[in-house]
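Convert by adding 97 to the 1-based position in the sequence shown; the result is the number in the working numbering.
For glycine and all other residues, C-beta sits at the position ideal for the given N, C-alpha and C.
The model shown is predicted, which means the values in this text are computed figures rather than measured ones.
Notes for the one structure printed next.
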Amino acid sequence: MSENAVSNAGADTTDDMHTSFMKERFEVELEFVQCLANPWYINFIAQQGYFEKPEFLNFLKYLQYWKKPEYSRFIVYPHALAFLDLLQHKEFRDGMKTVDEATRVHGLQYHHWRWPNYQNGSETLPADSPAAANFSTSTSGA
């Protein structure tokens with residue numbers, strides 16, 4: 098086998114390894130971003146102290162690329178991107194350390210799914226719905 102052929106074989110192996118690594122990285126980052134759609138997961142990582150680590154906060158900033166159309170098309174749970182945005186704010190990160198805030202956010206998320214056509218008061222929620230009470234109390238100070 099010529100020296101050139103050996104050299105090319107090594108390059109092919111390196112290219113394959115790089116491609117495999119990039120594919121795995123894509124899948125792992127996609128899975129992590131989608132986990133952010135779960136307020137209880139956010140509560141868990143907040144309680145573990147990840148939001149106190151500058152490296153983790155930089156990682157959350159880095160993940161903003163998932164909002165670009167060429168990447169966001171792979172997202173199954175679009176709330177993940179909304180939570181990724183919220184996690185850029187210290188107040189949200191600090192709040193999500195508490196079970197009460199995680200419960201409140203989870204309730205708002207559920208009611209958003211339950212009544213998807215209700216947006217910013219353009220439609221009226223059923224008066225007897227828990228969301229009607231939750232929505233009015235959660236936005237009164239905002």
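{"Item": "What ranges does the alpha helix (DSSP H) occupy inside the stretch 160-194, keeping only unbroken runs of at least 4 residues that lie completely in it?", "Value": "166-169, 176-183 and 187-192"}
{"Item": "How would you call asparagine 140, buried or exposed, if buried means at least 16 neighbouring beta carbons within 10 angstroms?", "Value": "buried"}
{"Item": "Let me confirm a value: histidine 115 is counted as buried when at least 16 other C-beta atoms fall within 10 Å, else exposed. Which label applies?", "Value": "exposed"}
{"Item": "Locate the alpha helix (DSSP H) running through asparagine 140, then write down its first and last residues.", "Value": "136-144"}
{"Item": "Identify, in the order they occur along the chain, each residue of the same chain with its Cβ nearer than 7 Å to the Cβ of histidine 176, setting aside the five sequence neighbours on each side.", "Value": "Ala134 and Gln206"}
{"Item": "Within 10 Å of its beta-carbon, does arginine 190 have 16 or more other beta-carbons around it, so buried, or fewer, so exposed?", "Value": "buried"}
{"Item": "Check whether the Cβ atoms of valine 130 and leucine 154 sit closer than 8 Å, and answer yes or no.", "Value": "no"}
{"Item": "Are the Cβ atoms of phenylalanine 136 and histidine 203 separated by less than 8 Å?", "Value": "What sits at residue 136 in the sequence shown is proline, not phenylalanine. In this structure, histidine 203 lies closer than 8 Å to proline 136 by Cβ."}
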